[in-house]
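Chains as they are written, first to last, in this note's numbering: chain G, 5 to 188; chain C, 10 to 410; chain P, 1150 to 1514.
One structure is given below, encoded as C-alpha cells.
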Amino acid sequence: MLAKVVAELEKTAKDVVLGQIEAPDDDCLMIERSRIKAVCRVLKDNPACDFKLLVDLTCVDWLGQDERFEVVYQLYSITHNYRLRLKARVPEGESIDTVSDVWRGALHVEREVYDMFGVDFAGHPKLTRILMYDEFEGHALRKDYPLKKHQPRVPLRWPIEPKDDPPYNWTRFQRARKLGLDDD
Amino acid sequence: MSEPRQDPQVKRLPDDVMDIQLGPSHPAMHGIIKLDTKLSGETVVDMEVSMGYLHRAFEKMCEHRDWNQNVVFTDRLNYCSAAANNCAYMSAVEKLAGIELPARAQWMRVIVSELSRVADHLTCVAASVMELGGLSVYLYLIEAREEIYMIFDKICGSRLTHSVARVGGMAYDLYDGFEDDIERVFALTRKFMDQGHVMLTRNRIFYDRMRDTGTVSEADAIDFGFTGPVLRSTGCAYDIRKAMPYWTYDQVEFDVPTGERGDNYDRYLIRMEEMEQAMRIVEQAIEKIPEGDVFVHDYKIFVPPKKETYNHIEGLIHHFELVMNGPQIKAGDAYFAIESPNGEHGYYVVSEGGGMPYRVRARPTCMPMTMFFPEMVKGSMIADIIPTFGSINMIGGELER
Amino acid sequence: MEPLWQAIAALVKIAIIFGFGMTVAAILTWQERKQSAAIQDRIGPNRAAIPGIPFKFWGLLHLAADGVKMIFKEDFMPANASKFLFQIAPLVAVVPLILSMAVIPFGGTVTLSGYEISLQVANLNAGILFLLAFGSLSVYSSVLGGFASDNKFGLIGALRTSAQMVSYEIALGLTLVGVFMVYQTVMLDEIAAAQAGSLLNWGIVAQPFGFLLFLAAAIAETKRAPFDLPEGESEIIGYFLEYSGLKFGLFFIGEFLEVVIAAMLITTLFFGSYHIPWLDWAAVEVWLNGLIGGAWLPGLITACLMMGVFVVKVLFFCFFQLMVRWTLPRLRYDQLMAFGWKLLLPLALVNVVLTALVLVIVDSL
Chain G
5 MLAKVVAELE KTAKDVVLGQ IEAPDDDCLM IERSRIKAVC RVLKDNPACD FKLLVDLTCV
65 DWLGQDERFE VVYQLYSITH NYRLRLKARV PEGESIDTVS DVWRGALHVE REVYDMFGVD
125 FAGHPKLTRI LMYDEFEGHA LRKDYPLKKH QPRVPLRWPI EPKDDPPYNW TRFQRARKLG
185 LDDD
Chain C
10 MSEPRQDPQV KRLPDDVMDI QLGPSHPAMH GIIKLDTKLS GETVVDMEVS MGYLHRAFEK
70 MCEHRDWNQN VVFTDRLNYC SAAANNCAYM SAVEKLAGIE LPARAQWMRV IVSELSRVAD
130 HLTCVAASVM ELGGLSVYLY LIEAREEIYM IFDKICGSRL THSVARVGGM AYDLYDGFED
190 DIERVFALTR KFMDQGHVML TRNRIFYDRM RDTGTVSEAD AIDFGFTGPV LRSTGCAYDI
250 RKAMPYWTYD QVEFDVPTGE RGDNYDRYLI RMEEMEQAMR IVEQAIEKIP EGDVFVHDYK
310 IFVPPKKETY NHIEGLIHHF ELVMNGPQIK AGDAYFAIES PNGEHGYYVV SEGGGMPYRV
370 RARPTCMPMT MFFPEMVKGS MIADIIPTFG SINMIGGELE R
Chain P
1150 MEPLWQAIAA LVKIAIIFGF GMTVAAILTW QERKQSAAIQ DRIGPNRAAI PGIPFKFWGL
1210 LHLAADGVKM IFKEDFMPAN ASKFLFQIAP LVAVVPLILS MAVIPFGGTV TLSGYEISLQ
1270 VANLNAGILF LLAFGSLSVY SSVLGGFASD NKFGLIGALR TSAQMVSYEI ALGLTLVGVF
1330 MVYQTVMLDE IAAAQAGSLL NWGIVAQPFG FLLFLAAAIA ETKRAPFDLP EGESEIIGYF
1390 LEYSGLKFGL FFIGEFLEVV IAAMLITTLF FGSYHIPWLD WAAVEVWLNG LIGGAWLPGL
1450 ITACLMMGVF VVKVLFFCFF QLMVRWTLPR LRYDQLMAFG WKLLLPLALV NVVLTALVLV
1510 IVDSL
C-alpha cells in the first residue's frame, strides 16, 4: 500500500516525498513543507489513496536541529483500512500551509499546535490560541519553555463596559474599575 | 397595504439576536466549556465554542516523568474510562519498544477496557438523560456503573483512577472470584439497562427529543474527524477493534452497531447496544483467558517480583534502575490507537532513548465533536443543545488534557 | 345564624383550608424527596435531627431545616434588577393560589347546634371561573420574576412561562366546559353535591375523555415535569434563577401549592369530591345523631369524615403528579406548543361537541 501511495504522489508532483521513515508497524513519509497541502489534497481525493480521515495532527519540537518543528499528520483510509503518517519539518519562524481546507477537522488541531508550539499555519482562517488565554507569553510545549515558568498577571477583562447613563447600576467591581481603583 | 402606525413615543423593542453564554459554569456543560450562543427567540443562529478552562498541561508533564509514571496522567484524561486510557498509552509505548505482551495480559487489557466502555457509556447515557429531566433513569444507570467501579476497586484498589497498566504488562492480575462478580454485576447492569429501555427507548417524549436532533451527515462526520459512536451513528462502521484488531479482539465475536441518520437517538441506541456487546466480549474473554503472568519476564522492562528484589542483587538492581530511571525505550516514534468508548483514542509517543518520553501526544477523542458542535445544533432550538451535547460525550479532562 | 357565629365559622373554615393547603404543600416537598428516593433506589432525606433525640421522624425535620435555611440565606438582588417588580414577584406567585383555594369545597353541609354550615370558604356564583382567573394570575409571578431579574436565562424562562400558561389555560378551560354541561353549573359545591350517590355520578364516568385532557393541561399549568420548560434546570435554569432565600422559597411553595390545587380540582370535578360511592353523608349524620346525639358531635364527626375522604383523594392525586414528574423527561418548547395547540385544544373542542351530542340524545330519550 505504501508503494502505491508513493507512486500516486510521485505521479502528481515530483520529489515531494523526501523519504520514508522506519517506524514500528506504521508507514511514515517525510514530505516537503511547501507541498504539504497539494500532497494532502491528493491523498484525500485520489481514490487509490482515499485518506478521508485526518485522525490527528500534532507537532514535535526538536530543539537544536536545523528545522526545528516536525508537524505530524496521522491519516487513515477507511476504504483501504490503512494508516499513514506524514511528517513535515518547519524551521522556527517560518510557516507551513494549513490543511484545514482539505480536512475541516484540521481547523482546531492546527490552532492547538499553533498555541502550544507557535507553528504558523499559513492560510488558516482563524489562527488563535485555543487552550491558553490570549495574553499567554511563549508557547508551552516548546522544549525551551520551562516546566514551572510563571506567567505575568493579566489585567482583568470586562465583558461589558460600564455605561455612563444613570439608570444603569454598576456593580461594585465595575464602579471600582471605572474609578481606576483596582489597577494593581 | 398600509404602513403600520408608528407611534413615536413607543420605542421599538429590539428583535435582533441575543447573545447568551452557556457556560463555563452551566448545568449542561459537564466539563468547563463555554458556548457563545446567538439566539433568535429559541433558535440557535450561531455558536462558538471556547475551551481551555481545564487545561492541565498533560503533554508537558509527560515529558518530565518516566514512561511508567505517566500512567497516572492518562487516568485523568477520560476519567470515565481510565483503564482503557492506561492500556492504550502502555500499548503505544510497547509498540515503540517492540515488546510482545503475554497472552493473559492482552486478554486482561481487553477485559478492563471493555468494562470501562460499559462504565463510560452508562455515564454518558445517564448524564444526557438526566439533562432531559429523567433523573430516575440517571440513578438507575449510575447504580450499575457503581457496581462496575467496585470491580475495578477489587482489581486495582481505586474506583476511578485505575492505573492498571505498566510498560510490559498489567500492574495487577484478576482476583479470585472475578468471574462470579462479573456474572452478578452484568446481570444487574442488564436489569438496569432494561429499565432504561423501558423508560426511554419507546418513550414518546424521549424519542421526540432525540430523533432528528443534532444530526450530522457521514461525509461531514469523517471530514470533521469524528470517531466512535458519533461516527458510527451516521452509518460508517469504522471501529478499530474490527478494522485493525489489537490485543486479542480478533479472537472474540462481537457486532459493531451502526446508525442511519446520525442523530441523537441513533447515538443513544448505539451506546446501549455497545454496552451489550462489551459485556458479550468480557464474557467470552473470561472463558478464553489463559493462565499465566500478566507481565513480561524482562527485568529491564517490568519490575521483578518482590522475592527477587529482596533476595537477589540482580533483582534489586533492576528494581532500583526501573524505579529511578524508568524503563529504557529505544529512540523512535509510534502511534497506537484503541477504540475507546468515545472513539479513536490514540497515543503518539516519541522517544529519544532513555527513561523519559520526548513527546507524548494523546488524541483527544471528543475534541472534534466538541469543536464542531455548532455545526450540529445550528438552526435547532436551544433545548436541542442539551441532548446533543450529552450525546457527543464531551469529557473535559480529555478535551483539554 | 348570628353574625358572630357566622364570622367564627368562616374563620375556622379559612384556617382549615389555608392550613390544609400550606401543610400539604410543605409536606409535598418532603414527599417529593422521599418518593423520588423510593423510585430511584435511594434513601432520601434522613439527616436532620433534634439534638438529643435519636429518632429522625423519617426525615420530616428537613422541612423545618429547609425553612430555617431559606430564612437565613442572603437575600440577594442583582445590581440591575428592577427593584419593585423583583420584590413583588414571589408574592404574586403565592397569594392568588391561596385565594383560589377559597372556592374549593372540602365537604358538604353539616348541622352544628342547629346551624347549617357548608364546608366551603366562599360560595361564589362564579365558582370555578374565579379559580381559573386567579390561577392565571400566577403567570405574572414568573413573568415579572424573570423579567425583573435582569438575566437572559430568566427572561427566556419568563417568555416560556407566559407562552405555556396562556396556551394551556385555553385547553384547561375548554376541558371544563364538558363538566359544566353535564352538571349544568359552574359552582363547585353544586358539582360536588351532584356526584353523591352512585359511582356512576362521578365526573370521571361522565367525562372520561375530559378527565384525561384536564389532567394533561393541569400538569402543564403547574409547570412541572414533563412540562417544566420555564424551569428547565439543565438548559435555562429558570425564571427564578436570581432569587435566593425566602423569595425563592415562595416560588418553591407556590409550585407545590399549584400541585395541591390541581389535585383538589381533579378530585372535586372528576372523583366525587368528598363523597364515597353509595354513601349518603346526610344519612350518616342522622345515624350518628341517633347513635350519640348531642348538638355538636354528629355534625362535627361527619364534617371530619368528609374532609378526611377529600384529603385522601387529594393526597392520592398529589402522589400521582409526583409519580409523573419523576418518570418522564422534559418536552421541547415547540413540542410543548404543538401538544397544547394541535392536540389538546382540538380534542377539548371535540370533547365539548361529543358531550353536547350525548346530552341531547339522552334528553330526547
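Built from N, CA and C at the ideal position, the CB exists for glycine as well.
Keep in mind the model is a prediction, meaning the values are calculated, not measured.
Buried/exposed call for residue i, threshold 16 Cβ in 10 Å
i: Phe1296 (chain P); result: buried
i: Asn273 (chain C); result: buried
i: Lys1232 (chain P); result: exposed
i: Tyr1317 (chain P); result: buried
i: Ile1199 (chain P); result: exposed
i: Gln1344 (chain P); result: buried
i: Lys200 (chain C); result: exposed
i: Phe329 (chain C); result: exposed
i: Leu151 (chain G); result: exposed
i: Arg211 (chain C); result: exposed
i: Arg410 (chain C); result: buried
i: Asn402 (chain C); result: buried
i: Glu1434 (chain P); result: buried
Interface flag, residue i vs chain P, CB-CB below 9 Å
i: Gly107 (chain C); result: no
i: Leu124 (chain C); result: no
i: Cys27 (chain C); result: The question names Cys, but residue 27 (chain C) is Met in the sequence shown. So yes, Met27 (chain C) belongs to the interface.
C-alpha distance - residue i paired with residue j, whole-angstrom precision
i: Ile301 (chain C); j: Asp307 (chain C); result: For clarity, residue 301 (chain C) is Gly in the given sequence; the question names Ile instead. In a straight line, the C-alpha of Gly301 (chain C) is about 15 Å away from that of Asp307 (chain C).
i: Leu110 (chain C); j: Val117 (chain G); result: 33 Å
i: Thr1260 (chain P); j: Leu1471 (chain P); result: 37 Å
i: Gly1346 (chain P); j: Trp1430 (chain P); result: 9 Å
i: Val121 (chain C); j: Ile1368 (chain P); result: 46 Å
i: Gly237 (chain C); j: Arg146 (chain G); result: 31 Å
i: Ile394 (chain C); j: Val386 (chain C); result: 6 Å
i: Ile231 (chain C); j: Phe263 (chain C); result: 24 Å
i: Phe381 (chain C); j: Gly61 (chain C); result: 16 Å
i: Phe1420 (chain P); j: Ala1355 (chain P); result: 11 Å
i: Arg218 (chain C); j: Leu1308 (chain P); result: 21 Å
i: Ala101 (chain C); j: Trp116 (chain C); result: 17 Å
8 Å contact criterion, which residue i and residue j should meet: CB distance rounded
i: Val176 (chain C); j: Glu103 (chain C); result: 6 Å
i: Val225 (chain C); j: Gly268 (chain C); result: Going by Cβ atoms, the distance from Val225 (chain C) to Gly268 (chain C) rounds to 11 Å, so no, they are not a contact pair.
Residue i, enclosing beta strand (DSSP E) - first and last residue
i: Asp25 (chain C); result: Segment: none, Asp25 (chain C) is in no beta strand (DSSP E) and carries neither H nor E.
i: Leu1261 (chain P); result: Thr1258 to Leu1261
i: His354 (chain C); result: Gly352 to Ser360
i: Asp229 (chain C); result: Run containing Asp229 (chain C): none in the beta strand (DSSP E); it sits in the alpha helix (DSSP H), Glu227 to Phe233.
i: Ile35 (chain G); result: Asp31 to Ile35
i: Met56 (chain C); result: Thr52 to Ser59
i: Glu109 (chain C); result: Neither: Glu109 (chain C) is in no beta strand (DSSP E) and is coded neither H nor E.
i: Ala343 (chain C); result: Gly341 to Ser349
i: Lys91 (chain G); result: Tyr86 to Val94
C-beta neighbour in chain G for residue i, strict 9 Å
i: Ala252 (chain C); result: yes
i: Asp232 (chain C); result: yes
i: Ile404 (chain C); result: no
i: Asp7 (chain C); result: One cannot answer for residue 7 (chain C) here, as it falls past the ends of chain C, which runs 10 to 410.
i: Cys245 (chain C); result: yes
Span of the alpha helix (DSSP H), counted from its first residue to its last, around residue i
i: Thr318 (chain C); result: Lys315 to Asn320
i: Cys133 (chain C); result: Ala112 to Glu140
i: Lys15 (chain G); result: Leu6 to Thr16
i: Phe1405 (chain P); result: Gly1394 to Phe1419
Residue-level contact to chain C via CB, residue i, 9 Å cutoff
i: Gly1381 (chain P); result: yes
i: Glu1404 (chain P); result: no
i: Leu151 (chain G); result: yes
i: Ala1297 (chain P); result: no
i: Ala110 (chain G); result: yes
i: Ile35 (chain G); result: no
i: Ile1386 (chain P); result: yes
Closer than 8 Å: residue i CB and nearest the ligand MN heavy atom
i: Leu1246 (chain P); result: Of the ligands one can find in the structure shown there are none, so the ligand MN has no counterpart to examine.
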